[in-house]
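Colleague: The numbering of the sequence shown is my numbering, which starts it at 4 and goes up by one. Note that CB positions come from ideal geometry on N, CA and C, so glycine has one too. I'd like to ask some things about the structure below.
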Amino acid sequence: MSRLYKFQQTVKELWKKEKWYWCAAVVIGIAFSAAFGAQWTKGYSQMIQGGISAKVVRFHVLANSDSNEDQALKLKVRDRVLQAYGEILSSCESKEETLAALDAVKEEICKTAQAEVIAQGYNYPVSVSLVREEFPFKRYDELIFPAGVYDALRIEIGEAEGQNWWCVLYPQMCYVDAAWGFSTEESHERLKNSLTEEEFLIVSCMEQEEITPKVKFRVVEWWQERQKALKEKKAEKLF
4 MSRLYKFQQT VKELWKKEKW YWCAAVVIGI AFSAAFGAQW TKGYSQMIQG GISAKVVRFH
64 VLANSDSNED QALKLKVRDR VLQAYGEILS SCESKEETLA ALDAVKEEIC KTAQAEVIAQ
124 GYNYPVSVSL VREEFPFKRY DELIFPAGVY DALRIEIGEA EGQNWWCVLY PQMCYVDAAW
184 GFSTEESHER LKNSLTEEEF LIVSCMEQEE ITPKVKFRVV EWWQERQKAL KEKKAEKLF
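Okay, here's the thing in structure tokens:
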């Protein structure tokens with residue numbers, strides 16, 4: 004009992020003499036923990052999104068406007084392009100091979116899309132390009148892709164101011180199932196074979212019974228949203 008009393012008295016004396024040091028230590032400890040957490044979040048998010056981005060090719064079709072007619076035309080163009088070039092792309096065994104194949108037939112894709120626009124009774128111009136661009140969070144049935152920068156085949160119809168349509172060209176998902184908003188066992192296997200175990204765990208987190216993959220996905224998504232907001236703020240300051 005005597006020892007405990009002496010210890011308590013010693014702590015009190017130290018607090019009286021050096022309380023500012025104690026407070027500073029607590030503040031520094033909290034700041035360090037927050038900084039460490041932020042660094043971990045940043046590192047993990049960049050690793051996951053960057054890893055997925057490095058292994059996939061997206062497909063992005065922009066409608067002329069949000070009118071029902073223009074939105075229907077967008078889907079007609081999508082279907083025509085996937086029907087015409089799906090077989091060529093299905094033989095590609097890597098992202099690099101897919102990008103090379105798309106680059107080789109880019110002009111033909113543009114002609115095919117333009118022909119479909121004309122066939123549907125419109126005279127909108129069409130442009131096709133291979134780009135690296137920002138994609139929002141996107142869910143295909145039970146598969147989820149985090150927001151971030153991805154390589155993509157981009158088709159713009161007319162003013163390209165209408166709602167967008169997205170899918171995944173590599174690994175081959177669009178022209179089998181994702182074009183209709185569903186994922187199948189076959190597309191799961193394609194994706195699983197292309198991504199690391201951790202990356203696939205995040206993409207398929209909605210199928211997991213455990214809460215951990217869902218929490219990890221939210222970490223990635225929160226960081227990507229934060230980065231996007233910071234970019235938008237910087238852009239606003241330029242004007």
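#1: Who does F148 pair with in a DSSP beta bridge?
#2: What's the C-alpha gap between F140 and A87?
#3: Determine the contact status of N67 and Y127, defining contact as a CB-CB distance below 7 Å.
#4: With G165 and Q74 assumed to form a contact (beta carbons below 8 Å), what rounded beta-carbon distance in angstroms separates them?
#5: Short of 7 Å in beta carbon distance, which residues of its chain neighbour A155, apart from the five on each side in sequence? Order them along the chain.
#6: To which residues of the same chain is T199 closer than 7 Å at the C-beta, ignoring the five residues directly before and after it?
#7: Check each candidate in G151, C170, A122, Q123 and name the one with the smallest Cα separation from Y143.
#8: For P149, which of L204, E72, G89 has the nearest alpha-carbon?
#9: Report the three-state DSSP secondary structure of D106 (helix, strand or coil).
#10: With distances taken Cα to Cα, identify the nearest neighbour of L65 among Q49, L76, M50.
#11: Does DSSP classify D154 as helix, strand or coil?
#12: Hey, how far is the Cα of V206 from the Cα of K109?
#13: My guess is that S197 and K79 are in contact by the Cβ rule of under 8 Å, so how many angstroms apart are they, rounded?
#14: So is the beta-carbon of E90 under 6 Å away from any non-hydrogen atom of the ligand NAD?
#15: Considering only residues of the same chain and omitting the five flanking positions on each side of S132, which have a CB-CB separation below 7 Å?
#16: When DSSP builds the beta bridges, which residues end up paired with E130?
#17: First and last residue of the beta strand (DSSP E) that includes N167?
#18: Based on the DSSP output, what are the partners of R135 in its beta bridges?
Modeller: According to the structure shown:
#1: Partner(s): K141.
#2: So the alpha carbons of these two residues sit roughly 28 Å apart.
#3: Remark: C-beta atoms of N67 and Y127 approach each other more closely than 7 Å.
#4: Right, the Cβ-Cβ distance comes to about 6 Å (below 8 Å), so this counts as a contact.
#5: Contacts found: V60, R61, F62, H63, V134, E136.
#6: Take T199, set aside five residues on each side of it, and the residues of its chain with a beta-carbon closer than 7 Å to its own are G54, in chain order.
#7: Nearest option by C-alpha distance: C170.
#8: Checked all of L204, E72, G89; the closest Cα to P149 is L204.
#9: In the three-state DSSP reduction, D106 falls in the helix class (H, G or I).
#10: The shortest C-alpha separation from L65 is found at L76.
#11: Here D154 sits in strand by DSSP.
#12: Straight-line spacing of the CA atoms in V206 and K109 works out to 29 Å.
#13: The beta carbons of S197 and K79 sit about 29 Å from each other, so the pair does not count as a contact at 8 Å.
#14: Looking at this structure, you won't find the ligand NAD or any other ligand, since it has none at all.
#15: In the same chain as S132, and ignoring 5 residues on each side of it, the C-beta atoms closer than 7 Å to its own belong to R157, in chain order.
#16: Position check: residue 130 holds Ser in this sequence, whereas Glu was assumed. Note: S130 sits in a beta bridge opposite E159.
#17: In the DSSP assignment, N167 falls within the beta strand (DSSP E) that extends over 167 to 173.
#18: Answer by DSSP bridge pairing, in chain order: D154.
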